[in-house]
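Residue numbers (the numbering used here), protein chains in the order written: chain A, 10 to 94; chain B, -4 to 434.
Cβ atoms here follow ideal geometry from the backbone N, Cα and C, with glycine treated the same way.
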Amino acid sequence: MATVEFRVGARAHIVVDSDVCRSCTTKACVSACPANLFAPTSDGGILFNYEQCFECGTCYMVCNSEGAIEWTYPDGGQGVVFRHG
Amino acid sequence: MADTPSPDSFDAIVVGAGPAGSAAALALARAGRSVVIIERGPFPGSKNVYGGVVYARVLDDVIPNWWEQVPVQRWVVRRSTMVMTGSQAVTVDVRTQAWGRPPYNGMTVYRADFDSWLADQAVAAGASLVTSTVATGLVRDGTGRVTGVRTDRPGGDLASRVVIACDGVNSFLAKEAGLLPKADAAHHTLGVKEVLALPAEVIEDRFGLAPGEGLDIEMIGCTRGIPGGGFLYTNRDTVNVGVVVSLTGLAASGVRPEELIADLKEHPAVAPWLRGAAVKEYGAHLIPEGGYDAMPALAADGFLVAGDAAGMTLAAGLWLEGVNFAIGAGLAAGRAAAAAIAQGDVTAAGLAGYRKALEANFVLQDHKRLRGAPQLVLSDRMQRQYVQLICDLAEQVFTVTNPEPKPGLVKLLLRGARRHKVRVRDLVRDGIETAKVFR
């Protein structure tokens, strides 16, 4: 999103365990994430990036299998900066 | 418990400089207590997104004449409800000039401005504000009582007698304290919105507003059958358009949230309003919409929860409010914490004044009274069938089919019910239920 400011930290605040994702039948994170950060891979796993995350929490809330998505806040001062939220 | 705090500890730590947190810190500072607000963003409001209107009368007693200094975008004098299908729209439009003068009713704001302003009030009263710092966990003593927070600053543990978690909808602190489930898609909605730039005069011409006046439209029937709704509201020189949808419904549909905004922007009733507008910002945020029955326990030993962290957003169809509930809860939490500290008892029992205060004012009374509303509003019949029924009925009432004579309204209603497979029995039952919920 070119229209939103992101202060990208060095630490990924989203971690996906693709081994768990391979057995997931819904992969709801792929379509539900409003920042489009999750993509299915050919081997059934999930490719993700954290850099342009709105930090909403949709991905871990809709995740089918507890533990597949580990989601924390970015480090202090990092991440999305909304000016017109 | 009545021990003197060490110099590097506080009477209270408030986590999150949103409306709940700043209100809590303001109340504590005014009671003469040492309080620090920990905010993970670079400034208050930088992580926050909301969907339309802030109702700030809750500040009347706290910040006299708050409207003279609040960073307002527009005062809402028009509040519309639009029921729509892909090609139809039925709007109830309420306008009153009374909402455009003190003490006002609702206003549109940018959260970066509003939340920063409210945090400034707390700081002016004596609270400390530490930004760009994440409260990563709770510090507890051997009995489990919360005695502080860990932060992501080096050597960043902070001690306090009370911790007030105002850390928002994902509240990891309330989860760590065992008050909230780790994930709860059924009781949350996702809000996404676009901020679209237009000159102020164009906004005023298109929406029939005088300078300084604002409009807020809430919509139902524009989310492809996914339980939820849409909204449009005006700032000084932006129009904000978005949708709010059930997380479980969104996940099951496979629809992308941006598609829903695109749909709404292209709707024939909406598109002309947005002509020539350029996207300035796109954002997303979760909303706790479970209502009264999904709220967590509000207190534990040394610990209180307020605002979105406590699920205090009121999503009751007619009324969609959150910031006012956060402020009301934050003030009550701050006052209850100050009283408990003065009494020397910050256990859950000592902090019970918090819940009592909320039960005595709008925060829990509104939620309790409207506890059935979220389920009713998001029900399939309300979301799909009744929307179609209302739009068809309105269209047919105003369609002149001469030389045929006018059909009776009851006949039109029954015909519409048949077409959209609405059973009269359900219609009556839902009517009674609606009357009960909103009584």
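Proximity test, Cβ basis, 8 Å: residue i and chain B
i, result
"Asp26 (chain A)", "no"
"Ala34 (chain A)", "For the sequence presented, residue 34 (chain A) should be read as Thr rather than Ala. Chain B contact via Cβ: absent."
"Pro49 (chain A)", "no"
"Val29 (chain A)", "no"
"Gly54 (chain A)", "no"
"Val13 (chain A)", "yes"
"Ala41 (chain A)", "yes"
"Val90 (chain A)", "yes"
"Gly18 (chain A)", "no"
"Ala44 (chain A)", "yes"
"Ala37 (chain A)", "yes"
Residue i burial status per 10 Å Cβ neighbour count (16 or more: buried)
i, result
"Gly271 (chain B)", "exposed"
"Gln87 (chain A)", "buried"
"Phe57 (chain A)", "buried"
"Asn441 (chain B)", "Nothing can be reported for residue 441 (chain B): it is not among the residues displayed for chain B, which extend from -4 to 434."
"Val382 (chain B)", "buried"
"Ile33 (chain B)", "buried"
"Ala(-3) (chain B)", "Only weak support exists for where Ala(-3) (chain B) lies, its pLDDT of 42 falling under 50; the coordinates are left without a value."
"Val250 (chain B)", "buried"
"Lys42 (chain B)", "buried"
"Leu346 (chain B)", "buried"
"Glu316 (chain B)", "buried"
"Asp110 (chain B)", "buried"
"Trp61 (chain B)", "buried"
"Glu196 (chain B)", "exposed"
"Val395 (chain B)", "exposed"
"Thr50 (chain A)", "exposed"
"Glu208 (chain B)", "buried"
"Pro149 (chain B)", "exposed"
"Leu313 (chain B)", "exposed"
"Asn235 (chain B)", "buried"
Neighbour flag for residue i against chain A, beta carbons, 8 Å
i, result
"Asn43 (chain B)", "yes"
"Glu276 (chain B)", "yes"
"Leu346 (chain B)", "no"
"Glu208 (chain B)", "no"
"Ala279 (chain B)", "yes"
"Leu245 (chain B)", "yes"
"Val250 (chain B)", "yes"
"Glu253 (chain B)", "yes"
"Pro37 (chain B)", "yes"
"Gly47 (chain B)", "no"
"Gly16 (chain B)", "no"
"Leu365 (chain B)", "no"
"Gly40 (chain B)", "yes"
"Leu313 (chain B)", "no"
"Leu242 (chain B)", "yes"
Residues bridged to residue i (per DSSP)
i, result
"Ile215 (chain B)", "B:Val78"
"Ser4 (chain B)", "B:Ala154"
"Met290 (chain B)", "According to DSSP, Met290 (chain B) bridges with nothing at all."
"Met102 (chain B)", "B:Val49, B:Trp70"
"Asp88 (chain B)", "B:Ser75"
"Arg135 (chain B)", "B:Val141"
"Pro49 (chain A)", "A:Ile55"
"Val341 (chain B)", "DSSP, once it has assigned bridges, lists no residue as partnering Val341 (chain B)."
If we count Cβ pairs, one from each stretch, closer than 8 Å, do we get three or more for the segment 22 to 41 of chain A versus the segment 63 to 71 of chain A? yes
Report yes or no: do three or more beta-carbon pairs, one from the segment 298 to 313 of chain B and one from the segment 3 to 16 of chain B, lie closer than 8 Å? yes
Of all the residues that make up the segment 100 to 116 of chain B, which are near chain A by a beta-carbon distance shorter than 8 Å? Tyr105, Arg106, Ala107
At least three beta-carbon pairs within less than 8 Å, the segment 289 to 300 of chain B to the segment 140 to 148 of chain B: yes
Taking any Cβ of chain A, which residues in the segment 394 to 406 of chain B have a Cβ under 8 Å from it, in chain order? none
Anything in the segment 175 to 194 of chain B with a Cβ closer than 8 Å to a Cβ of chain A? List those residues in chain order, please. Lys177, Ala178, Asp179, Ala180, His183, Leu185, Val187, Val190
With a threshold of 8 Å, are at least 3 pairs of Cβ atoms found where one atom belongs to the segment 157 to 176 of chain B and the other to the segment 121 to 140 of chain B? yes
Counting only Cβ-Cβ distances shorter than 8 Å, please list the residues of the segment 60 to 74 of chain A near chain B, keeping chain order. Phe63, Glu64, Cys65, Gly66, Thr67, Tyr69, Met70, Val71, Cys72
Touching or not, the segment 398 to 405 of chain B and the segment 313 to 331 of chain B, by the rule of three or more beta carbon pairs under 8 Å? no
Of all the residues that make up the segment 127 to 141 of chain B, which are near chain A by a beta-carbon distance shorter than 7 Å? Ser127, Thr128, Val129
Is it true that the segment 160 to 169 of chain B meets the segment 66 to 74 of chain B, where meeting means three or more beta-carbon pairs spaced less than 8 Å apart? no
Inspect the CB distances between the segment 96 to 111 of chain B and the segment 278 to 289 of chain B and report whether three or more fall short of 8 Å. no
Residues of the segment 146 to 174 of chain B with a CB closer than 8 Å to any CB of chain A: list them in chain order, please. Thr146, Asp147, Arg148, Val164, Asn165, Phe167
Flag this pair as touching only if the segment 194 to 208 of chain B and the segment 322 to 336 of chain B have three or more C-beta atom pairs under 8 Å; answer yes or no. no
Using a Cβ-Cβ cut-off of less than 7 Å, list which residues of the segment 216 to 240 of chain B approach chain A; keep chain order. Thr233
Inter-stretch contact at 8 Å, needing at least 3 Cβ pairs: the segment 237 to 244 of chain B / the segment 180 to 196 of chain B: yes
Quick test of the definition: if touching needs 3 or more C-beta pairs under 8 Å, does the segment 78 to 94 of chain A touch the segment 11 to 22 of chain A? yes
Between the segment 75 to 92 of chain B and the segment 208 to 222 of chain B, can you find at least three pairs of beta-carbon atoms closer than 8 Å? yes
Any contact between the segment 334 to 342 of chain B and the segment 365 to 383 of chain B? By contact I mean 3 or more CB pairs, one from each, below 8 Å. no
Taking a Cβ distance cut-off of 7 Å, strictly less, list which residues of the segment 372 to 385 of chain B are near chain A, in chain order. none
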